[in-house]
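Numbering (this note's numbering), first residue to last: 215 to 411.
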């Protein structure tokens with residue numbers, strides 16, 4: 215029986231030499247073993263799953279737009295005249311829409327308070343109708359006297375969204391017994407849209 219007795223420093227040297235020769239091969243075998251273990255685990259787990267969840271996400275940006283406007287000409291003001299005008303309204307969220315009169319009626323351009331017995335302002339009634347969906351079709355509506363519109367008046371769609379537009383109807387009042395002062399009359403009706411997100 216032949217035995218080898220090595221001191222601790224000789225053991226270290228003897229162990230290093232063979233390792234140096236086969237170190238590359240052993241490192242390769244070790245790396246392959248680790249890689250196969252790592253790749254085998256997910257395959258094993260996915261094979262055991264009976265269901266999985268897929269999360270799908272997306273969003274729609276809130277959008278509210280108002281279009282239209284322009285001039286409405288009654289011509290000669292006799293009172294009791296009516297005009298209708300459509301406006302565009304696109305809103306994919308609930309909204310508030312406000313109406314405000316600059317003059318509280320059709321006002322004489324230079325003498326809105328009138329002169330002598332003649333009035334300088336002709337009031338009107340504003341009717342508003344806006345189709346909405348919530349989820350069923352409905353109509354958002356309101357009626358306002360021009361004098362009360364000096365303070366802004368607001369209609370709320372509740373939980374409804376706009377269906378594509380709206381309509382205003384303006385009906386002028388009858389002038390007072392003395393009539394209106396001669397001249398040009400004008401009014402600015404401001405319509406403001408505010409989304410409620």
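C-beta atoms are modelled at their ideal positions from N, C-alpha and C, and glycine is treated no differently.
Three-state class that DSSP yields for residue 359 in the structure shown: strand
Under a Cβ-count criterion, where at least 16 other Cβ atoms within 10 Å of its own Cβ denotes burial, should residue 373 be classed as buried or exposed? In the assembly as shown, residue 373 is an exposed residue. Its beta-carbon has fewer than 16 other beta-carbons within 10 Å.
For residue 269, three-class secondary structure by DSSP: coil
I want to know whether the stretch 358-375 touches the stretch 291-302 - three or more CB-CB distances under 8 Å. No, the stretch 358-375 is not in contact with the stretch 291-302.
Neighbourhood of residue 301 by C-beta distance below 6 Å, restricted to the same chain and skipping five residues each side: 282 and 380
Residue 262 in three-state terms, based on DSSP: helix
Could you tell me whether the Cβ atoms of residue 336 and residue 320 are closer together than 8 Å? yes
I want to know whether the stretch 323-333 touches the stretch 391-400 - three or more CB-CB distances under 8 Å. Under the 8 Å Cβ criterion, the stretch 323-333 counts as touching the stretch 391-400, having at least three qualifying pairs.
Can you tell me which of 334, 408 and 354 puts its alpha carbon nearest to the alpha carbon of residue 345? 354
Kindly indicate if chain C contains any beta-carbon less than 8 Å away from that of residue 277. In the structure shown, chain C does not exist; there is a single protein chain.
Let me know if residue 308 comes out buried or exposed under the rule of 16 or more other beta-carbons within 10 Å of its beta-carbon. buried
Note down the Cα distance separating residue 386 from residue 272, rounded to an integer number of angstroms. 49 Å
Are the CB atoms of residue 407 and residue 280 within a distance shorter than 8 Å? yes
Enumerate in chain order the residues of its own chain whose CB-to-CB distance from residue 361 is below 7 Å, with the five nearest sequence positions on each side excluded. Excluding positions up to five away in sequence, the list reads 318, 319 and 337.
Just how far apart, CA to CA, sit residue 411 and residue 275? 10 Å
Does the distance from the C-beta atom of residue 315 to that of residue 401 stay below 8 Å? yes
When the Cα atoms are used, what is the spatial distance from residue 278 to residue 328? The straight-line gap from Cα to Cα measures roughly 40 Å.
Go ahead and pull the three-state DSSP assignment for residue 364. helix
Closer than 6 Å by C-beta to residue 356: which residues in its own chain qualify, once you throw out the five before and the five after it? Chain order, please. 342 and 369
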